[in-house]
Amino acid sequence: MLDPALWYEDYPISLIGCRQSPINIERQQCIENIILPELRIEHPPSITGLRLRNPMDQSYFGWRVDIPYDFGDKTIISGGPLSHRYKLIQFHAHWGENCDCGSEHILDGRSFSAELHFVYWNIDLYQSPRQASISKDGLVVVGVFMNVSSEKNCIAAETIKSESIKVICDLLPTIKYKGSFTLIERPLNIFDLFPSNRSYFTYLGSLTTPPLYETVTWIIFEDPISIDEEQLRMFRTVSYYQKNNFDADFPYEIYDTNVENNIRSVQPLNGRKIIYVANDSEKNFRKI
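Set out below in structure tokens:
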């Protein structure tokens with residue numbers, strides 16, 4: 010497993026970069042009352058043909074949902090702080106060992122139980138996600154906090170739990186090992202994974218896993234969605250390793266280690282500006 014503390018050996022930008030992510034978002038330091046265009050997120054009311062996988066790459070450990078390419082311009086984010094249109098590629102999750110510290114971004118020094126990342130690429134300027142990923146304005150990542158309600162973690166989450174998260178959790182046992190995947194036969198409603206309050210923070214940052222490219226415009230929704238403790242436990246059942254790649258010289262238990270923590274620690278702000286946009290309506294979310 011690639012230890013984040015050692016990323017600098019192969020990715021010096023982890024130490025010398027000036028816009029690394031995630032960060033601690035301090036409300037008092039945010040810029041407010043900025044006039045921005047309406048943030049528009051467009052998705053079909055439901056998407057079929059999604060693929061849930063435990064990806065092979067060695068920089069992210071966990072589960073990921075890939076968006077079919079033929080959905081094309083139907084999964085678009087634009088407006089707000091963005092000057093171009095961006096298309097959804099995939100979404101994935103980050104979580105921790107317990108319900109109190111599982112988000113990558115933190116808000117006023119407080120962590121959430123988990124965090125969803127929706128990754129979009131700039132289709133106006135670039136020919137592929139790869140080309141976009143190495144370009145300054147190539148990517149947008151929308152972050153959604155997830156919270157398990159408890160006395161210890163009193164930041165309120167919406168009480169209506171996501172049906173889409175339930176669908177994903179039901180399939181996680183089928184992708185336990187790295188490299189495995191399954192088709193999500195039931196349609197997913199992407200909007201089911203966003204909070205109803207559309208207030209958000211935005212800043213310029215990076216990918217939170219190698220290669221840590223500083224090419225991301227982050228949009229972080231202020232309010233979390235709800236997840237129950239059993240669903241979060243299911244997140245932690247995916248493995249770091251391939252089932253068919255065990256080394257006979259090591260005990261099986263080493264390779265059966267589950268992903269209990271896949272978050273990167275917060276990075277220096279380095280003078281970056283964080284903009285807060287208050288918007289509690291749903292008019293900027295369109296089902297097409």
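Numbering of the sequence shown is given in the numbering used here, commencing with residue 10 and proceeding in unit increments. By construction, the Cβ of each residue, glycine as well, lies at the ideal position given by its N, Cα and C atoms. It should be emphasised that the depicted structure is a prediction, and the values quoted were computed from it without experimental measurement.
Beta-carbon proximity check, residue i vs residue j, cutoff 8 Å
{"i": "V149", "j": "I199", "result": "no"}
{"i": "V153", "j": "L192", "result": "no"}
{"i": "H114", "j": "I229", "result": "yes"}
{"i": "I184", "j": "R62", "result": "yes"}
{"i": "I283", "j": "C39", "result": "yes"}
{"i": "G147", "j": "T211", "result": "no"}
{"i": "R245", "j": "V268", "result": "yes"}
{"i": "H101", "j": "S112", "result": "no"}
{"i": "I132", "j": "Y222", "result": "no"}
{"i": "I56", "j": "L197", "result": "yes"}
Residue from the options whose Cα sits closest to the Cα of residue i
{"i": "V128", "options": "S92, S171, C178, T217", "result": "T217"}
{"i": "G188", "options": "S112, K252, S173, N107", "result": "K252"}
{"i": "E47", "options": "P90, Q67, Y222, I174", "result": "P90"}
{"i": "T84", "options": "H52, T57, S112", "result": "H52"}
{"i": "G58", "options": "D12, S248, E194, V275", "result": "E194"}
{"i": "D19", "options": "S68, K96, L45", "result": "S68"}
{"i": "D179", "options": "V157, E239, W130", "result": "E239"}
{"i": "P31", "options": "P13, W130, V157", "result": "P13"}
{"i": "S158", "options": "R139, F70, N107", "result": "N107"}
{"i": "Y285", "options": "S173, I234, L45", "result": "L45"}
{"i": "S173", "options": "I234, P21, R139", "result": "I234"}
For residue j and residue i, the rounded distance between their alpha carbons
{"i": "D75", "j": "Q99", "result": "4 Å"}
{"i": "R73", "j": "D82", "result": "21 Å"}
{"i": "P77", "j": "R60", "result": "8 Å"}
{"i": "A287", "j": "D232", "result": "11 Å"}
{"i": "L213", "j": "S137", "result": "21 Å"}
{"i": "I236", "j": "Y209", "result": "20 Å"}
{"i": "D117", "j": "S205", "result": "21 Å"}
{"i": "E35", "j": "W227", "result": "15 Å"}
{"i": "P54", "j": "L125", "result": "19 Å"}
{"i": "M10", "j": "I43", "result": "In this predicted model, M10 has a pLDDT of only 45, less than 50, meaning its place in the structure is not dependable; the value taken from the coordinates is given anyway. Each residue's Cα considered, the two are about 42 Å apart."}
{"i": "P219", "j": "S248", "result": "19 Å"}
{"i": "L134", "j": "A141", "result": "8 Å"}
{"i": "S23", "j": "S215", "result": "10 Å"}
{"i": "L97", "j": "C110", "result": "27 Å"}
{"i": "R49", "j": "G88", "result": "6 Å"}
{"i": "G105", "j": "F190", "result": "23 Å"}
{"i": "K175", "j": "D79", "result": "25 Å"}
{"i": "R119", "j": "N270", "result": "17 Å"}
{"i": "Y17", "j": "Q29", "result": "13 Å"}
{"i": "M155", "j": "N33", "result": "16 Å"}
{"i": "T266", "j": "E41", "result": "44 Å"}
{"i": "P21", "j": "S171", "result": "38 Å"}
{"i": "S122", "j": "R139", "result": "30 Å"}
{"i": "G71", "j": "K145", "result": "27 Å"}
{"i": "I263", "j": "Y250", "result": "In this prediction, I263 scores a pLDDT of 47, lower than 50, which makes its location untrustworthy; the coordinate-derived value is nonetheless stated afterwards. Their Cα atoms are separated by approximately 9 Å."}
Cβ-based burial, residue i [other Cβ within 10 Å; buried from 16]
{"i": "P277", "result": "exposed"}
{"i": "R207", "result": "buried"}
{"i": "G280", "result": "exposed"}
{"i": "K161", "result": "For K161, the predicted model reports a pLDDT of 49, less than 50, meaning its position is unreliable and no value from the coordinates is stated."}
{"i": "M65", "result": "exposed"}
{"i": "Y95", "result": "buried"}
{"i": "Q37", "result": "exposed"}
{"i": "I25", "result": "exposed"}
Residue i: CB within 7 Å of a non-hydrogen atom of the ligand ATP
{"i": "Y209", "result": "No copy of the ligand ATP occurs in the structure displayed, which carries no ligand at all."}
Task: Residue ranges of each beta strand (DSSP E) within the region 215-279, 3 or longer - done: 225-230
TODO: Identify every run of the alpha helix (DSSP H) within the region 103-190, keeping only runs that are complete inside it and at least 4 residues long; order them along the chain.
DONE: 138-142, 172-180
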